[in-house]
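A.B. asks: Chains as they are written, first to last, in the working numbering: chain A, 44 to 381; chain B, 44 to 381; chain C, 44 to 381; chain D, 44 to 381.
Cβ coordinates follow ideal geometry from the N, Cα and C atoms, glycine included.
These numbers were taken from a predicted model, which means no experiment stands behind them.
Number of protein chains: 4
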Amino acid sequence: MIIVMQLNATDAQINGVVSEIRKAGLKEHISRGSELVIIGAIGDENKLEPAHLEILPGVERATRVTKQYKIVARDSHPAGSIVKVRGIPIGGNQIQIIAGPCSVETQEQMNLSADAVAAAGCRMMRGGAFKPRTSPYAFQGLGVEGLEYFQQAAKRHNLPIVTELMDVRMLDTFMEYDVDVIQIGARNMQNFDLLKEVGRVNKPVILKRGLSATIAEWLMAAEYIAAGGNHNIIFCERGIRTFETTYRNVLDVTAIPVLKRETHLPVIVDPSHSGGKAWMVPALSQAAIAAGADGLLVEMHPNPCDAWCDADQALTPEELKKLTVTLGAIAGAIGRSI
Amino acid sequence: MIIVMQLNATDAQINGVVSEIRKAGLKEHISRGSELVIIGAIGDENKLEPAHLEILPGVERATRVTKQYKIVARDSHPAGSIVKVRGIPIGGNQIQIIAGPCSVETQEQMNLSADAVAAAGCRMMRGGAFKPRTSPYAFQGLGVEGLEYFQQAAKRHNLPIVTELMDVRMLDTFMEYDVDVIQIGARNMQNFDLLKEVGRVNKPVILKRGLSATIAEWLMAAEYIAAGGNHNIIFCERGIRTFETTYRNVLDVTAIPVLKRETHLPVIVDPSHSGGKAWMVPALSQAAIAAGADGLLVEMHPNPCDAWCDADQALTPEELKKLTVTLGAIAGAIGRSI
Amino acid sequence: MIIVMQLNATDAQINGVVSEIRKAGLKEHISRGSELVIIGAIGDENKLEPAHLEILPGVERATRVTKQYKIVARDSHPAGSIVKVRGIPIGGNQIQIIAGPCSVETQEQMNLSADAVAAAGCRMMRGGAFKPRTSPYAFQGLGVEGLEYFQQAAKRHNLPIVTELMDVRMLDTFMEYDVDVIQIGARNMQNFDLLKEVGRVNKPVILKRGLSATIAEWLMAAEYIAAGGNHNIIFCERGIRTFETTYRNVLDVTAIPVLKRETHLPVIVDPSHSGGKAWMVPALSQAAIAAGADGLLVEMHPNPCDAWCDADQALTPEELKKLTVTLGAIAGAIGRSI
Amino acid sequence: MIIVMQLNATDAQINGVVSEIRKAGLKEHISRGSELVIIGAIGDENKLEPAHLEILPGVERATRVTKQYKIVARDSHPAGSIVKVRGIPIGGNQIQIIAGPCSVETQEQMNLSADAVAAAGCRMMRGGAFKPRTSPYAFQGLGVEGLEYFQQAAKRHNLPIVTELMDVRMLDTFMEYDVDVIQIGARNMQNFDLLKEVGRVNKPVILKRGLSATIAEWLMAAEYIAAGGNHNIIFCERGIRTFETTYRNVLDVTAIPVLKRETHLPVIVDPSHSGGKAWMVPALSQAAIAAGADGLLVEMHPNPCDAWCDADQALTPEELKKLTVTLGAIAGAIGRSI
């Protein structure tokens with residue numbers, strides 16, 4: 044930890060900091076500059092809280108120098124990790140397009156969706172049985188019945204399924220229905236009890252970024268899961284909240300190369316929720332793959348006009364098929380495949 | 044709902060919108076302007092989704108005109124509501140200062156805290172037994188043991204207690220320990236399952252604003268609670284996330300008069316988490332009361348230097364006492380009391 | 044304009060709005076819904092200000108329906124415009140990479156830069172003679188001397204030059220030195236007097252997006268230039284300011300497809316200032332081209348370690364050359380060329 | 044400057060940093076921790092750029108420890124400065140309310156405005172002759188004619204006038220018309236050439252905060268003015284841009300105590316532009332004074348319904364008078380006067 048003292052800090056104040064550092068079992072290292080005194084605290088930084096030093100008289104600020112995430116840090120696994128979902132690799136050279144409807148509606152809709160997902164050459168399917176909705180009066184998802192429809196439809200093409208878990212009390216049900224990948228939504232990125240529970244099961248987890256979560260908070264949220272023993276975590280960038288109101292969210296493509304540097308885990312992108320309109324999805328998907336994303340989580344509906352939610356952001360089966368061709372060409376341009 | 048058509052929208056496209064409006068049981072009202080055609084959909088707006096209209100050909104955008112929150116809207120209770128906590132009114136002329144430590148640490152620390160809260164003339168006490176921490180390796184709160192200490196300490200001064208509920212599975216325990224006010228933290232503002240559950244109990248709820256939640260989303264989160272039957276909701280502004288990095292969050296004082304206009308429910312402010320530093324707390328507290336807040340949720344610790352978390356933002360007992368005097372004078376200046 | 048009345052608005056209040064609409068020479072169109080009355084004002088919307096209607100009693104809000112930008116709107120030129128710089132097209136099928144150092148330093152540095160720009164196959168060169176610096180004590184650019192060096196160096200390869208104009212009083216000098224493209228920087232996007240002046244000259248203008256400018260404000264800033272008669276405007280996205288602090292700015296790729304839809308003018312991207320680090324530039328450049336950008340404005344320095352400003356974000360000549368090859372492959376994947 | 048090395052940085056990399064530090068004439072101070080090596084560069088920090096160190100191999104990041112603003116820093120004048128405008132103090136115990144219309148319209152409107160300003164007990168008057176408007180087609184202000192009307196009206200009550208300077212070429216005219224306080228608007232906060240010019244004249248300057256300017260950038264913008272010799276600078280917080288769309292901007296009250304700590308110069312608040320609605324102005328004004336602001340810049344119009352711009356945010360003369368009474372009481376509560 045580095046402690047910058049205020050201009051004119053007295054020796055007594057410097058000694059106060061030193062004694063706090065020693066009390067925590069660390070050693071001090073004092074640099075006296077022309078204007079300022081800076082104190083380094085050497086040793087196990089987790090034994091000290093910046094807040095405890097910042098209230099001491101004469102202290103300007105205290106800053107950690109080590110990162111608080113350990114298991115998910117790239118340093119712990121420099122070569123990069125591949126998360127396997129029933130044998131399908133996420134995080135390797137091959138890029139995975141996970142497609143499907145926003146919400147599970149009927150058995151027929153799911154069957155048609157699964158057909159379209161498979162026809163477009165995608166290897167995994169998404170769909171929501173439990174829906175986080177801003178309004179309590181909006182459709183909240185079919186619940187367990189939705190999981191049933193989803194599994195039925197996906198089985199016909201042997202597609203692993205990805206679906207969102209909102210309530211910790213439903214985790215057992217997810218295990219019973221053998222959900223292949225558990226999705227943690229943006230609004231629950233810091234629902235710490237939920238993170239702890241999915242950290243205890245042996246299932247890959249897609250961790251969406253919170254609407255205004257920093258990269259550091261997101262990595263720490265993943266560390267919550269990893270600390271429980273489950274290291275099969277996939278980050279999913281889905282657009283952040285900014286001042287701009289012309290589109291729903293701003294897809295943060297910069298997060299892709301930054302995360303790939305900070306963590307060994309795979310990074311995918313949801314181009315559907317970021318823009319919020321189907322006509323933006325191709326441009327955003329192409330940008331994501333070109334920037335180095337390991338996959339996409341994209342909304343497709345057999346008939347968007349009839350979709351029960353987010354109708355305006357779903358691709359048609361034809362649009363999905365066309366998009367995957369372009370994405371294949373872009374993947375090739377950067378030495379990857381789809 | 045208002046549907047603005049694109050420039051040059053054809054009659055067929057207009058008819059397409061009209062038929063969709065009628066299908067939902069509403070009536071259309073067409074305004075043909077010099078440049079644009081605008082269509083009003085008259086009737087129960089909840090039967091129509093903007094998304095469904097925005098994918099129709101020729102549509103520029105569709106906008107709701109009615110608000111989606113009903114129970115919490117001021118229109119439903121123009122005179123304003125007072126939430127009572129063991130007889131203490133929140134939302135009336137009297138302003139309530141709820142003080143106490145960030146987290147419950149020991150029985151002694153809680154006893155000293157309760158003494159200081161009472162000595163400053165505050166009528167309610169806060170303290171966290173379950174702590175949402177960014178890092179899984181940080182102190183997570185004492186849990187149930189903390190509730191025990193808290194109740195013991197508060198009873199000595201007959202102070203109602205306010206504490207945060209993070210996990211839906213702990214709700215029964217909160218009821219057993221007779222927590223007086225359940226706090227929903229910023230990170231859980233859109234944890235919809237948690238909101239639904241506290242909507243079913245008969246306990247006042249403090250609903251903190253999410254770090255980047257809009258006023259509309261916050262009102263809808265309260266509506267989730269209200270829709271379950273529990274109308275004893277208190278909004279708590281606690282600073283929002285912006286581009287500014289000099290301080291932890293930006294206290295959004297504008298939210299105070301805006302909320303007071305939009306909802307009949309009380310609005311309080313947490314000046315401690317917004318700024319993140321004890322020396323900012325007096326200025327922010329004064330601003331909040333002057334802007335019309337119905338109360339404060341403020342951190343105080345018998346000995347901030349030893350606090351187990353957020354040491355740098357807790358007031359000392361003396362600072363709290365001094366602050367309440369100034370706040371009393373400001374309250375008087377705007378015709379209220381403390 | 045659409046005026047939504049408050050719940051329970053009286054007939055007198057509705058009449059007040061109607062009379063205001065008629066006074067401005069427009070006609071009213073009243074829709075009485077089940078809950079709300081909505082009034083459409085039909086005619087020339089520019090004759091009415093929403094603010095004037097919103098202060099009338101009983102009015103909830105007034106919203107424009109037509110866009111305020113006219114010349115730059117795609118509707119005015121649906122096929123899209125190509126801006127030519129000494130015969131080089133920006134906005135057509137061919138993508139332009141404009142490269143060069145952050146600031147002009149010496150004649151030798153500029154000569155080496157021009158050699159590298161040409162060697163990488165780029166057709167235009169960038170470089171700053173006047174630098175907007177956060178600190179008054181930082182290097183402010185070489186000024187006119189810098190323009191001299193820049194022109195000398197660029198001439199050897201017949202490269203058109205792009206450079207930033209900060210002070211309206213320097214415009215004549217820019218014309219004398221025959222600057223090919225005038226760049227308006229992010230901090231001056233709403234320096235309206237500067238916009239008006241460059242609107243009167245016959246030179247292409249690159250208009251960078253303000254750090255927190257909305258798409259609508261940016262389009263209106265371009266309209267200021269266009270209203271003066273100069274329609275040769277190129278939009279340049281350069282990253283926006285958000286809550287994220289891990290990188291300097293967030294490159295807003297969503298702005299690319301949205302602008303391409305809203306305006307007929309070309310859109311380029313500055314990948315260097317958005318991320319702020321050279322190692323992020325390839326990923327961001329690739330994302331920009333894949334999302335449909337018409338070009339890039341990228342920093343390259345013959346020896347980044349010695350650069351006088353922004354040393355950490357400049358590519359080396361070799362990195363630039365390598366990047367253009369990848370960008371060529373991505374351009375091919377979406378049916379374009381470099 | 045503090046340089047944090049990457050995990051596993053080699054001795055050669057550490058030596059590279061050391062040699063760069065010495066080349067700039069500073070001395071190194073190396074702390075070898077359990078995990079990381081940290082290097083302090085001791086001496087004149089302005090001789091080193093973090094960017095130059097961050098591109099060296101093995102460097103994680105380089106951070107300045109000294110502040111880049113000197114003249115405006117509180118350290119340079121710990122007691123605080125009072126800026127006098129024709130004898131009226133800004134920054135002392137007395138709080139100044141500067142009121143007047145958004146824009147100068149007619150001689151009569153200005154006369155009525157001046158009467159109302161004086162009647163409310165305010166000692167200075169504001170009004171815009173040059174208006175920064177988002178649209179080139181909107182009213183741009185009366186220009187020089189407006190200065191004429193403004194001076195005429197203000198003289199009748201001996202009120203010093205405050206008005207905005209947008210174009211550096213108008214500075215001489217401002218001096219001729221003897222404008223008492225030059226206002227630099229939010230959009231020009233980083234128009235560095237304009238800042239340099241007002242730094243050379245002997246007139247107080249109100250420097251509004253940019254829409255998304257950080258505190259550090261704002262202080263540096265003031266330093267630009269101060270570096271020219273003009274130290275009569277008044278900071279004006281006017282709301283920042285965030286994700287919230289219910290109101291125009293978020294008044295950042297936290298900036299008040301923070302600025303008062305960082306600089307010795309006065310800090311005032313514009314409650315009119317932050318909220319954007321007249322009904323919010325009293326709450327925001329009260330919050331600003333309670334938080335420690337040295338004054339307000341508030342919009343008042345003799346007849347808001349007829350105002351040529353921002354009609355919805357101007358107070359009436361009666362509302363202003365009533366507000367000053369409340370503000371006087373709040374000032375008294377915190378030991379100040381109006």
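Which value, in whole angstroms, describes the spacing of the CA atoms of Q49/D and Y180/A?
C.D. replies: Numbered from 1 along the fourth sequence, position 6 holds the residue referred to as residue 49/D. Numbered from 1 along the first sequence, position 137 holds the residue referred to as residue 180/A. Computed Cα separation, rounded: 51 Å.
A.B. asks: In chain order, what residues of the same chain lie with their CB nearer than 7 Å to the CB of R107/A, ignoring the 5 residues before and after it?
C.D. replies: For the purposes of this step, residue 107/A is identified with residue 64 of the first sequence, where counting begins at 1. Excluding sequence neighbours, R107/A sits near M44, E88 and P93.
A.B. asks: Does the separation of the CB atoms of M209/A and N231/A fall below 8 Å?
C.D. replies: Along the first sequence, read from residue 1 onward, the residue named residue 209/A stands at position 166. Along the first sequence, read from residue 1 onward, the residue named residue 231/A stands at position 188. Cβ atoms of M209/A and N231/A: closer than 8 Å.
A.B. asks: Does the beta-carbon distance from A321/C to A350/C come in below 8 Å?
C.D. replies: The residue you call residue 321/C lines up with position 278 of the third sequence. The residue you call residue 350/C lines up with position 307 of the third sequence. In this structure, A350/C does not lie closer than 8 Å to A321/C by Cβ.
A.B. asks: With which residues is V310/D paired in a DSSP beta bridge?
C.D. replies: Looking up residue 310/D in the fourth sequence gives position 267. As a beta-bridge residue in DSSP terms, V310/D pairs with F278/D.
A.B. asks: Counting only Cβ pairs nearer than 7 Å, list the residues of chain F close to S315/A.
C.D. replies: Although the question refers to chain F, the structure presented lacks it and instead comprises the protein chains A, B, C and D.
A.B. asks: Please state the DSSP three-state secondary structure of M209/B.
C.D. replies: Locating residue 209/B in the second sequence gives position 166, counting from the first residue. Assignment of M209/B by DSSP, reduced to helix, strand and coil, places it in the coil class.
A.B. asks: Using a beta-carbon distance below 8 Å, is T177/A in contact with chain D?
C.D. replies: Taking the first residue of the first sequence as 1, we reach residue 177/A at position 134. Against chain D, the CB of T177/A has no partner CB under 8 Å away; the residue lies outside that interface.
A.B. asks: Are the CB atoms of V147/B and G171/B within a distance shorter than 8 Å?
C.D. replies: Walking along the second sequence from the start, residue 171/B turns up at place 128. Walking along the second sequence from the start, residue 147/B turns up at place 104. Closer than 8 Å, so yes.
A.B. asks: Which of the three DSSP states is assigned to G59/C in this structure?
C.D. replies: Position 16 of the third sequence, counted from the first residue, corresponds to residue 59/C. DSSP places G59/C in helix when its eight states are reduced to three.
A.B. asks: With respect to the beta strand (DSSP E) encompassing R304/B, which residues constitute its N-terminal and C-terminal limits?
C.D. replies: By one-based count along the second sequence, residue 304/B stands at place 261. No beta strand (DSSP E) contains R304/B, which is instead part of the alpha helix (DSSP H) from A298 to E305.
A.B. asks: Expressed to the nearest angstrom, what Euclidean distance is found between the alpha-carbon atoms of T367/B and I377/D?
C.D. replies: Residue numbering aside, residue 367/B sits at position 324 when the second sequence is read from its first letter. Residue numbering aside, residue 377/D sits at position 334 when the fourth sequence is read from its first letter. Taken atom to atom, the span from the alpha-carbon of T367/B to that of I377/D is near 12 Å.
A.B. asks: Using a Cβ-Cβ cut-off of 6 Å (strictly less than) and excluding sequence neighbours within five positions of N275/B, which residues of its own chain qualify?
C.D. replies: By one-based count along the second sequence, residue 275/B stands at place 232. For N275/B, where only same-chain residues beyond five positions count, the Cβ hits under 6 Å are V126 and P247.
A.B. asks: Just confirm the distance between the C-beta atoms of L327/B and L370/B, as a whole number of angstroms; I'd bet it's less than 8 Å.
C.D. replies: What you label residue 327/B is simply residue 284 of the second sequence in a count that begins at 1. What you label residue 370/B is simply residue 327 of the second sequence in a count that begins at 1. About 11 Å; that fails the 8 Å criterion.
A.B. asks: Hey, quick one: how far does the alpha helix (DSSP H) through I258/D stretch, first residue to last?
C.D. replies: Within the fourth sequence, residue 258/D is the residue found at index 215, counting from 1. Note, I258/D: alpha helix (DSSP H), I258 to A270.
A.B. asks: Given that I299/A touches chain C, what residues does it touch there, using C-beta distances under 7 Å?
C.D. replies: Position 256 of the first sequence, counted from the start, is the residue given in the question as residue 299/A. The contacting residues are A326.
A.B. asks: Taking C-beta pairs closer than 7 Å, name the residues in chain B that N290/D reaches, listed in chain order.
C.D. replies: Mapped onto the fourth sequence, residue 290/D falls at position 247. Note that residue 290/D is Tyr in the sequence shown here, rather than Asn. Those within 7 Å of Y290/D in chain B are T297 and V301.
A.B. asks: Who are G71/A's beta bridge partners in DSSP?
C.D. replies: Residue numbering aside, residue 71/A sits at position 28 when the first sequence is read from its first letter. The identity of residue 71/A in the sequence shown is Glu, whereas the question assumes Gly. The partner list for E71/A (beta bridge, DSSP) reads A84/A.
A.B. asks: Going by beta carbon distance, what residues of the same chain come within less than 7 Å of N136/B, once the five residues before and after it are set aside?
C.D. replies: Working through the second sequence from its first residue, we reach residue 136/B at position 93. The answer, listed in chain order, is R379 and S380.
A.B. asks: Report the residue from R117/B, S317/B, I133/B and P203/B whose alpha carbon sits nearest the alpha carbon of A157/B.
C.D. replies: For the purposes of this step, residue 157/B is taken as residue 114 along the second sequence, with counting starting at 1. Checked all of R117/B, S317/B, I133/B and P203/B; the closest Cα to A157/B is P203/B.
A.B. asks: For chain C, find out if any of its Cβ atoms is closer than 8 Å to the Cβ of C348/D; answer yes or no.
C.D. replies: Along the fourth sequence, read from residue 1 onward, the residue named residue 348/D stands at position 305. It does: the Cβ of C348/D has a partner Cβ on chain C nearer than 8 Å.
A.B. asks: Tell me, which residues are paired with I45/C by DSSP?
C.D. replies: One-based indexing of the third sequence puts residue 45/C at position 2. According to DSSP, I45/C bridges with G83/C and T106/C.
A.B. asks: Might you give, ordered along the chain, the residues of its own chain that have their beta carbon closer than 8 Å to the beta carbon of S124/B, omitting 5 neighbours on each side?
C.D. replies: The sequence position of residue 124/B within the second sequence is 81, counting from 1. Contacts found: G134, H274, H307, L308 and P309.
A.B. asks: Report whether the distance from the Cβ of W322/A to the nearest heavy atom of the ligand GTP is below 7 Å.
C.D. replies: As for the ligand GTP, it is missing from this structure, which has no ligand bound.
A.B. asks: Out of curiosity, what's the CA-to-CA distance linking R212/C and R176/D?
C.D. replies: Position 169 of the third sequence, counted from the start, is the residue given in the question as residue 212/C. Position 133 of the fourth sequence, counted from the start, is the residue given in the question as residue 176/D. Answer to the nearest angstrom: the Cα atoms are 21 Å apart.
A.B. asks: Measuring CB to CB, does S383/A end up less than 8 Å from I82/D?
C.D. replies: Outside the displayed span of chain A (44 to 381) sits residue 383/A, for which this structure offers no information.
A.B. asks: Return the bridge partner residues of V128/D from the DSSP annotation.
C.D. replies: The residue you call residue 128/D lines up with position 85 of the fourth sequence. BP columns for V128/D point to I131/D.
A.B. asks: At least one CB of chain B closer than 8 Å to the CB of G253/D: is that the case?
C.D. replies: What you label residue 253/D is simply residue 210 of the fourth sequence in a count that begins at 1. Cβ-Cβ to chain B under 8 Å: no for G253/D.
A.B. asks: So, are the CB atoms of I373/A and A336/A less than 8 Å apart?
C.D. replies: Locating residue 373/A in the first sequence gives position 330, where the first residue counts as 1. Locating residue 336/A in the first sequence gives position 293, where the first residue counts as 1. For I373/A and A336/A, no; Cβs fall outside 8 Å.
A.B. asks: Can you find a CB in chain C that lies within less than 8 Å of the CB of N51/D?
C.D. replies: On the fourth sequence, position 8 is the one that residue 51/D refers to. No, because no Cβ of chain C sits closer than 8 Å to the Cβ of N51/D.
A.B. asks: Are the C-beta atoms of S77/C and some chain B residue less than 8 Å apart?
C.D. replies: As a position in the third sequence, residue 77/C is number 34, starting the count at 1. Yes, contact with chain B.
A.B. asks: Helix or strand or just coil, what does DSSP make of L294/D?
C.D. replies: Residue mapping note: residue 294/D aligns to position 251 of the fourth sequence, counting from 1. Coil, per DSSP.
A.B. asks: Count the other CB atoms, across all protein chains shown, that sit within 10 Å of the CB of K251/D; report buried if there are 16 or more and exposed otherwise.
C.D. replies: For this step, residue 251/D is matched to residue 208 along the fourth sequence. Buried is the call here.
A.B. asks: In whole angstroms, what separates the C-alpha of K90/B from that of A67/B?
C.D. replies: The residue you call residue 90/B lines up with position 47 of the second sequence. The residue you call residue 67/B lines up with position 24 of the second sequence. Cα to Cα, the separation comes out at about 6 Å.
A.B. asks: Beta carbons nearer than 9 Å to chain B: which residues of the stretch 258-284 of chain D have them?
C.D. replies: I258, A259, G282, I283 and R284
A.B. asks: Starting from the beta carbon of G86/B, find every residue of chain C whose beta carbon is closer than 9 Å, and list them in chain order.
C.D. replies: Reading the second sequence from its first residue, position 43 is the one you call residue 86/B. Within chain C, the residues near G86/B are G76 and S77.
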